[in-house]
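K.L.:
First residue of the sequence shown? That's 21 in the working numbering, and the numbers climb one at a time after it. Ideal Cβ placement from N, Cα and C applies to all residues, glycine included. Here the structure is a predicted model, which is why all the values come from computation and not from measurement. Quick one: the structure is below, questions incoming.
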Amino acid sequence: MVKRRAILIGMGAGALWAVGVVWLGVAVVNLPVFALLPSLAFAFLPPGLVLLLMIGRLAAARFFDDGLIDGQPFAPGTRAWVDQRVLSNTVEQLLLALCVWPACGYLLLGDGPGVLAALGVAFALSRLAFWVGYRHAPALRAFGFAATFYATIAAVLWAGLRYLIG
21 MVKRRAILIG MGAGALWAVG VVWLGVAVVN LPVFALLPSL AFAFLPPGLV
71 LLLMIGRLAA ARFFDDGLID GQPFAPGTRA WVDQRVLSNT VEQLLLALCV
121 WPACGYLLLG DGPGVLAALG VAFALSRLAF WVGYRHAPAL RAFGFAATFY
171 ATIAAVLWAG LRYLIG
């Protein structure tokens, strides 16, 4: 019960973070609308760097372990096994972002570049929290997951609302 409560708190904090990320992108990050295409390209740089770090970590784990160097599966519960799970979830989250962030950027017009920039940086920070949390703290893991997923949902909802009401 204590673990479930901690996870719920982490999810709630992630939801607040997500709303804050979209608000930050709209109200604080002021980029001109003609920066939409560069913003779209660079929004995926921070997530890509985190992905690079995760893949590099797993490659090193395999290279320096004779039992893994030939591609054997990681033993459940090991650090490499955890890292593989984190990488898998991060790829899923990044695929979702690749599918919806571009449309959000276009639908948000002048706010699009700022929201995309905020989403990219927030994604990287949230995934790092998820990674650390997966190893050490369920609440931080829940925060990292929710902060990543809910930020994408918040952007989709905000873009849809802005599109519908003009």
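Check whether the region 21 to 31 touches the region 74 to 85, counting contact only when three or more Cβ pairs, one atom from each stretch, lie closer than 8 Å.
P.N.:
Touching, no.
K.L.:
Starting from residue 175, follow the alpha helix (DSSP H) in both directions and report where the run begins and ends.
P.N.:
Residue 175 -> alpha helix (DSSP H) spans 158 to 185.
K.L.:
How far does the alpha helix (DSSP H) with residue 22 in it reach, from first residue to last?
P.N.:
Taken as a continuous stretch (DSSP letters only), the alpha helix (DSSP H) holding residue 22 covers 22 to 47.
K.L.:
Nearest CA to the CA of residue 103: which residue from 65, 124, 150 and 167?
P.N.:
Nearest option by C-alpha distance: 150.
K.L.:
Less than 8 Å between the CB atoms is what I'm expecting for residue 45 and residue 131, so what's the real figure, rounded?
P.N.:
About 7 Å; that satisfies the 8 Å criterion.
K.L.:
Take the Cβ of residue 92 as the centre, count every other Cβ of all protein chains shown within 10 Å, and call the residue buried at 16 or more, exposed below.
P.N.:
With fewer than 16 other Cβ atoms within 10 Å, it is exposed.
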